[in-house]
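For the sequence shown, the UniProt record's numbering gives the first residue as 1, with consecutive numbering after it.
For glycine and all other residues, C-beta sits at the position ideal for the given N, C-alpha and C.
No experiment lies behind these values; they were computed from the predicted model shown.
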Amino acid sequence: MRMGRTALQFLVTPKRNYSEKKPMHRSPLTWLIIIALVVLPNLMLQPQTNAQAPLANSGSALRLFGSSSNDRDRIKIPLGTISSGQLTSSYPVNVATDFTIEFWMRADATNNAADPCDSGSGNVGWYYGNILVDRDIFGENDGDYGIALRGGRIIFGVNNGNRETNLCGNIHVTTGQWHHIAVTRNASSGLMRIFVDGQLDRQADGPTGSIAYPVGRNSAYANDPYLVLGAEKHDYPGSLYYNGLFDDLRISNVVRY
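Pasting the structure below:
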């Protein structure tokens, strides 16, 4: 948050080795169509009982350039039906309690140069990083979350409106190679975890309870009722954006790892 038992899957592809180079051929418009077609059916998934990362091999990936402004260079996923900027009903993508978010990424450190979590700047939030996933609610005491890169490592943040926890990973992922990233949240215990390539990177206790975007909530910000990939959803001045490849997003409302 910036002051100032079904599961959902977006995309499943066949197996790929972690080291495989994967060219990009899909345009952002194509990705919007794919997301629209796959999100709405609300596919059923089962939770996994181990921490082995899934592999994929679709032969293409989304390219983001880290130059977002004026609502460009990003993917916007509606959290439900929206009327006059207000969420009138909720899709399963509007995760509330337990969830897993996972995806593949390939990026380098030069183009994703946000300060490390421990830089001493005092800016500890995920929203000060090169943003990968943004489900922020701007300037309000409501639940939100996000995933970004800071110092070449994953940062995962959750806020329930009363408490915010930002979990900073140890493993460098801006190596120019493909990495599978997964973050999980248990709403009852507050346990937050980061996994990189199937291995537990960091974990910590965070906020408990629901962090869903509220149905019927009024907002002056048009992008509030969206999940945004690759950018700070409000184009807040000074925000940093993700520059790299992004693929195979899966969002589940269960803890899969």
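Judged by pairs of C-beta atoms under 8 Å, the region 73–92 does not touch the region 157–169, as fewer than three such pairs exist.
Excluding its 5 nearest sequence neighbours in each direction, Leu-240 has C-beta neighbours in its own chain below 6 Å: Ala-114, Asn-130, listed in chain order. DSSP, read as helix, strand or coil, puts Trp-126 in helix.
With a cutoff of 7 Å on beta-carbon distance, Thr-100 and Val-215 are scored as not near each other. In terms of Cα proximity to Arg-72, the closest of Arg-250, Gly-230, Gly-244, His-180 is Gly-230.
In this chain, the beta strand (DSSP E) harbouring Tyr-226 covers 226–229. Under the DSSP assignment, Arg-150 falls in the beta strand (DSSP E) whose first and last residues are 144–150. Secondary structure at Pro-214: coil, using DSSP grouped into helix, strand and coil.
Here DSSP, grouped into helix, strand and coil, assigns Lys-76 to strand.
Residue environment analysis places Thr-174 among the buried positions, since at least 16 neighbouring C-beta atoms fall within 10 angstroms of its C-beta. With respect to the 7 Å criterion, Arg-153 and Tyr-145 are not classified as neighbours on the basis of their beta carbons.
In summary, Gly-238 is exposed, with fewer than 16 beta-carbon neighbours lying within 10 Å of its beta-carbon over all protein chains present.
Cβ neighbours of Val-124 within its own chain (closer than 8 Å, five residues either side excluded): Cys-117, Asn-166. The beta-bridge partner set that DSSP reports for Glu-232 is empty. Leu-62 and Met-192 have their C-alpha atoms some 27 Å from each other. Note: Trp-104 is bridge-paired with His-180, Asp-247 in the DSSP secondary-structure output. In this structure, Tyr-213 lies near Leu-87, with their beta-carbon atoms less than 7 Å apart. With 16 or more neighbouring CB atoms inside 10 Å of its own CB, Phe-195 falls in the buried class. For Arg-135, DSSP records a beta bridge to Tyr-145.
Looking at the backbone, the Cα of Tyr-242 and that of Met-105 are separated by about 10 Å. Sequence-distant partners of Asp-98 (beyond 5 residues in either direction) whose C-beta falls short of 7 Å from its own C-beta, in its chain, are Arg-185, Asn-186, Ala-187, Asn-253, Val-254, Val-255. Secondary structure note for Ser-90: its beta strand (DSSP E) is the uninterrupted segment 86–90. Nearest C-alpha to Asp-247 among Ile-82, Ser-89, Phe-103: Phe-103. Distance between Asn-223 and Tyr-257, taken at the CA atoms: about 30 Å.
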